[in-house]
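A quick write-up on the structure given underneath.
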Amino acid sequence: MSTLQVSVYRYNPETDSAPYMQEFQVDTKGRDLMVLDVLHLTKEQDSSMAYRRSCREGVCGSDGMNMNGKNGLACITPLSEVVKNNKLVLRPLPGLPVIRDLVVDMGIFYKQYERIQPYLQNDTPAPAIERLQSPEERDKLDGLYECILCACCSTACPSFWWNPDKFVGPAGLLQSYRFLADSRDEATQARLADLEDPFSVFRCRGIMNCVSVCPKGLNPTRAIGKIREMLLANAT
Amino acid sequence: MSNMRSLSFDAIIIGGGGSGLRAALELAKSGKKTAVLSKVFPTRSHTVSAQGGITCAIASADPNDDWRWHMYDTVKGGDYIADQDAAEYMCSEGPKAVFELEHMGLPFSRFDNGRIYQRPFGGQSKNFGEGGQAARTCAAADRTGHALLHTLYQNNLKNNTTFLNEWYAVDLVKNANGDVVGCIALDIETGEVVHVKSKATVLATGGAGRIYASTTNALINTGDGIGMALRAGFPMQDMEMWQFHPTGIYGAGTLVTEGCRGEGGYLVNKDGERFMERYAPNAKDLAGRDVVARSMVMEILEGRGCGEKGDHVFLKLDHLGEEVLGKRLPGIVELSKTFAHADPAKEPIPVVPTCHYMMGGIPTNVHGQAIMQDADGNDQIVNGLFACGEAACVSVHGANRLGGNSLLDLVVFGRAAGMFIEGALNEGIDYLDASESDVDAAMKRMSRWNESSGGESVPELKAELQDIMQNAFGVFRQEDNMQEGVKKLADLRERIANAHLGDKSNAFNTARVEALELDNLMEVAEATAISALERKESRGAHSRYDYPDRDDVNWLKHSLYFPADKRLGKRDVNFTPKTVDTFEPKVRTY
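The listed protein sequences derive, respectively, from chains A and B.
Going by the working numbering, the residue at position 33 of the first sequence is 33; the numbering climbs one at a time, nothing skipped.
Here the working numbering = 1-based position in the second sequence + 1000.
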């Protein structure tokens, strides 16, 4: 059985009054292709299909999408991991406006990223060489800096669906903690003050969808827990 | 096209990868009206895929390290057609540029003393090749490109750079004097076509590895800047020089960093023999990439390849232990499991030389100014046009780039272009405006696709182009094969000129972008093919069966490809660095 039944979410704002699912039969020749390869094959059948892709190896974060109900990166998800009963259903990431087909408007996601001031802040004049950091201090950034901004986590998060404008979301908070945890960053107090409200951090209900979908194996819930601890320690 | 909207900037940077973002950062800090125009959100650019590190003599692993040793390695690695003034600039300015990245927040790995971690990479030496292997590549685990690109994007956010994300540059706009005064661009989300006017236009569009069927490059690496510059009539330098990375994952093409061999991994053939000991007795697996790639192909051709078809070799890492793999090469462990179904802690990774990097490109000086030749063969600056990063040929890489030198090239020359443009803007730049017919000329090919009503499809033509390049312009080359390839490309050019864009819609039409990219692949492929056919010697990455030796009498030169008459000329290599003695060409052994 090498013909896969693929069902893809289609919507072109210029011609479609409503989205619909388009059916494709894709001959996989028995190979365990990546979902992105399958998308290329469907695009050969219908060139009007739109999706984002770039590195095709799971580091650029372009092709986050919903595959048989679960968010992930199409380029590093083999069919054997998601296909059930020979059927693959592809939808855009949930919770964001659709521009066309599988392409979503990531504006609000990026806005939450920018909101946490995702850059090192250190006003002490820099030395002539690098700032020193011990391997132990540097280890604290592992599991944080590797984020690829694919939005799989935030768009799987019910709290983000509900308050995308007020809750920073797992991706933004993971990056917030990446700078809070950096021994070279001096803006800890300002960063915490900016998050000190009922929504920015505390809308996280520990559902942990973010952890279960992160294609890089990162753990935003743990980072959010650390920020909560810092906020609470600050308050007492 | 009088109803077209226009935008005006002091400087427009086309491309949001490492070099573009570094140039943008410099200009944003200066307060100039600058925008980065990128066909993908910047952190999706191919710089993100760089793994092993950024090579630079910051004297961390070895307190006595010297940028002059790095310069020597770079010139030797480039088989002596790197410009020595440019290599000197890159290697001496490098430490400053790397420390700046660290100050911006790049999460480099560290030594116990708190300094930046450096690992050995191929072609590195101490004391001008006399002092043994150096460890000069600064790393953030094996995700250095990702860390670098995100850091640069973050600092552009900090400095309020204007971004035109998911905009595609179609063609350069030239005024009546031939100065570059902006470009035509497509807002991919809406389909709107905009005339972007600019006093300085920087092509930071990266490489074009997608001209080959098998490449480590991202799907977006279609040589858009090279295509635009060639269509505008500007020459390309050293386009025959393509690097085949020794370790692309067999079948998938994804990159496995040279850092694996830097950390102690090595290649074996089907007999389990560490064959690089025969080809490069001193440097072994850390010889230049061209040397290692050729050695691998020789093993395969002589029947010592691995697997059922004997068409690849193995990269052995299991002896490094899980701790080193987890700490220094975590991304490789992931990639290998995903794309080779091999856990490197237990079994070797199947690898094969895979197209990786374009040493050639738009000839520039160290300020990023694009260069053409006047009628007498003298260098002449192209007004308004700049290039940096992989799209440019400064040339610091010559005929073969050393591992870790591309990230250094990006930041050093992105920064240099930014600084130069700032100065030039301060002095005042005043070029003639483009006329309506100048703008129409830049709209020509976009209109062609939009008006196409039938013909062959883009994906089929692209696949054919990639096969031609793969078969005739790979690791080893020869006259008759290349003649045939050039002929096939000429035929393909005709067919692409009559190809069909089926989807004419406006909103996020990726079929239109892919059609426009195909034109650029065609330009790059033809420039590569003709340059490769005409360079009748073997040097660096350009290896010919029919001319197996380096010919310094005739070819210690850059090649210069002129698109108007598809002719290959020559340009002198710079042998006069400012502060060190010239490195005279020697026989290149590792």
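Just so it is clear, CB atoms sit at the ideal spot from N, CA and C, and this is done for glycine as well.
In three-state DSSP terms, what is residue i?
i, result
"B:Asn1426", "helix"
"B:Cys1091", "helix"
"B:Gly1248", "strand"
"B:Leu1037", "strand"
"B:Glu1584", "coil"
"B:Lys1270", "coil"
"A:Cys210", "helix"
"B:Ile1054", "strand"
"A:Val82", "helix"
"B:Asn1520", "helix"
"A:Met34", "strand"
"B:Glu960", "Here chain B covers residues 1001 to 1590 and nothing more, so residue 960 of chain B does not appear."
"A:Phe24", "strand"
"B:Glu1163", "Looking at the sequence itself, residue 1163 of chain B is Phe, so the reference to Glu does not match. Correct three-state label for B:Phe1163: strand."
"B:Asp1318", "helix"
"B:Leu1461", "helix"
"B:His1367", "coil"
Determine the burial state of residue i: buried for a count of at least 16 other Cβ atoms within 10 Å of its Cβ, exposed for fewer.
i, result
"B:Thr1589", "exposed"
"B:Gln1483", "exposed"
"B:Ile1188", "buried"
"A:Ile116", "buried"
"B:Gln1490", "In the sequence as presented, Gln is not what sits at residue 1490 of chain B; that position holds Ala. Exposed."
"A:Met67", "buried"
"A:Thr77", "buried"
"B:Ile1012", "buried"
"B:Asp1263", "The residue asked about is misnamed: residue 1263 of chain B is Glu in this sequence, not Asp. When all chains shown are included, B:Glu1263 counts as buried."
"B:Pro1063", "exposed"
"B:Ser1019", "buried"
"A:Ser134", "exposed"
"B:Asn1450", "exposed"
For residue i, collect the residues of the same chain with a Cβ closer than 7 Å to its Cβ; drop the 5 residues on either side in sequence, then sort them by chain order.
i, result
"A:Tyr113", "Leu149, Ala171, Gly172 and Gln175"
"B:Asn1282", "Tyr1590"
"B:Val1486", "Ala1529, Ile1530 and Leu1533"
"A:Arg228", "Val201"
"A:Pro215", "Gly58, Gly72, Leu73, Ile76, Cys150 and Cys152"
Going along the chain, which residues of its own chain have a beta-carbon closer than 8 Å to the beta-carbon of residue i, five neighbours each way excluded?
i, result
"B:Gly1303", "Gly1310"
"B:Val1439", "Met1001, Met1004, Val1173, Ile1184 and His1195"
"B:Gly1129", "Tyr1072, Asp1073 and Lys1076"
Which residues in the same chain as residue i place their Cβ atom closer than 6 Å to its Cβ, once the five residues preceding and following it in sequence are excluded?
i, result
"B:Asn1160", "none"
"A:Leu79", "Asp32 and Leu33"
"B:Lys1462", "Leu1518"
"B:Arg1401", "Gln1243, Tyr1357 and Met1359"
"B:Asp1290", "Asn1400, Gly1540 and Ala1541"
"B:Ile1211", "Met1469, Leu1521, Val1524 and Ala1525"
Mind reading off the beta-carbon distance from residue i to residue j? Whole number of angstroms is fine, and I expect it under 8 Å.
i, j, result
"B:Leu1230", "B:Pro1563", "4 Å"
"B:Leu1021", "B:Asn1156", "6 Å"
"B:Asp1433", "B:Ala1200", "Between B:Ala1200 and B:Asp1433 the Cβ distance is about 15 Å, and since that is not below 8 Å, they are no contact."
"B:Ala1134", "B:Cys1388", "Contact flag wrong, Cβ pair sits at about 26 Å."
"B:Ala1208", "B:Ile1226", "6 Å"
"A:Asp101", "A:Tyr51", "6 Å"
"B:Thr1216", "B:Leu1255", "4 Å"
"B:Phe1583", "B:Gln1084", "7 Å"
"B:Phe1041", "B:Gly1259", "At roughly 27 Å, the Cβ-Cβ gap does not stay under 8 Å, so B:Phe1041 and B:Gly1259 are not in contact."
"B:Ala1416", "B:Val1366", "6 Å"
Just checking residue i against the ligand SAM - is the residue's beta carbon closer than 8 Å to any of the ligand's heavy atoms?
i, result
"B:Asp1073", "No copy of the ligand SAM occurs in the structure displayed, which carries no ligand at all."
(request) Taking a Cβ distance cut-off of 7 Å, strictly less, list which residues of the segment 78-108 of chain A are near chain B, in chain order. (result) Those would be Ile99, Arg100 and Val103, in chain order.
(message) If the cut-off is 8 Å on Cβ atoms, which residues from the segment 1366-1377 of chain B count as contacting chain A, listed in chain order?
(response) Using a CB distance below 8 Å, no part of the segment 1366-1377 of chain B faces chain A.
(request) Quick one: which residues of the segment 202-214 of chain A get their C-beta closer than 9 Å to a C-beta of chain B? List them in chain order. (result) Listed in sequence order: no entries.
(request) May I ask you to list, following chain order, the residues of the segment 51-65 of chain A that have a beta carbon less than 9 Å from some beta carbon of chain B? (result) Per Cβ criterion, the list reads Tyr51, Arg52, Arg53, Ser54, Cys55, Arg56, Glu57, Gly58, Val59, Cys60, Gly61 and Ser62.
(request) Could you please tell me which residues of the segment 20-44 of chain A, in chain order, have their CB closer than 7 Å to any CB of chain B? (result) For the segment 20-44 of chain A, the residues whose beta carbon sits under 7 Å from a beta carbon of chain B are, in order, Glu44.
(message) Please identify, using Cβ separations under 8 Å, the residues of the segment 1332-1344 of chain B that lie next to chain A, in order along the chain.
(response) If the cut-off is 8 Å between Cβ atoms, the segment 1332-1344 of chain B has Glu1334, Leu1335, Thr1338 and Phe1339 near chain A.
(message) Beta carbons nearer than 7 Å to chain A: which residues of the segment 1138-1158 of chain B have them?
(response) Here the close residues are Arg1143, His1146, Ala1147, Gln1154, Asn1155, Leu1157 and Lys1158.
(request) Please list the residues of the segment 112-138 of chain A that have a C-beta atom closer than 7 Å to any C-beta atom in chain B, keeping them in chain order. (result) Cβ contacts with chain B come from Glu114, Pro118, Tyr119, Leu120, Ala126, Ile129, Glu130, Arg131, Leu132, Gln133, Ser134, Pro135 and Arg138.
(request) Could you please tell me which residues of the segment 1013-1044 of chain B, in chain order, have their CB closer than 8 Å to any CB of chain A? (result) Residues of the segment 1013-1044 of chain B whose Cβ lies closer than 8 Å to any Cβ of chain A, in chain order: Val1040, Phe1041, Thr1043 and Arg1044.
(request) Pull out every residue of the segment 1444-1477 of chain B whose Cβ sits closer than 8 Å to any Cβ of chain A, in chain order. (result) The segment 1444-1477 of chain B vs chain A, Cβ under 8 Å: Ser1457, Val1458 and Pro1459.
(request) Report the residues of the segment 1101-1135 of chain B with a CB closer than 7 Å to any CB of chain A, ordered along the chain. (result) Cβ contacts with chain A come from Glu1102, His1103, Met1104, Gly1105, Pro1107, Ser1109, Arg1110, Asp1112, Gly1114, Arg1115 and Ile1116.
(request) Compile a chain-ordered list of the residues in the segment 5-19 of chain A whose CB is closer than 9 Å to at least one CB of chain B. (result) Those would be Asn12, Pro13, Glu14 and Thr15, in chain order.
(request) Can you give me, in chain order, the residues of the segment 1209-1229 of chain B that have a beta carbon less than 8 Å from any beta carbon in chain A? (result) So the close ones are Ala1218, Leu1219 and Ile1220.
(request) Select from the segment 1159-1181 of chain B all residues with a C-beta closer than 8 Å to any C-beta belonging to chain A, and list them in chain order. (result) Those residues of the segment 1159-1181 of chain B that come within reach of chain A (Cβ to Cβ, closer than 8 Å) do not exist; the list is empty.
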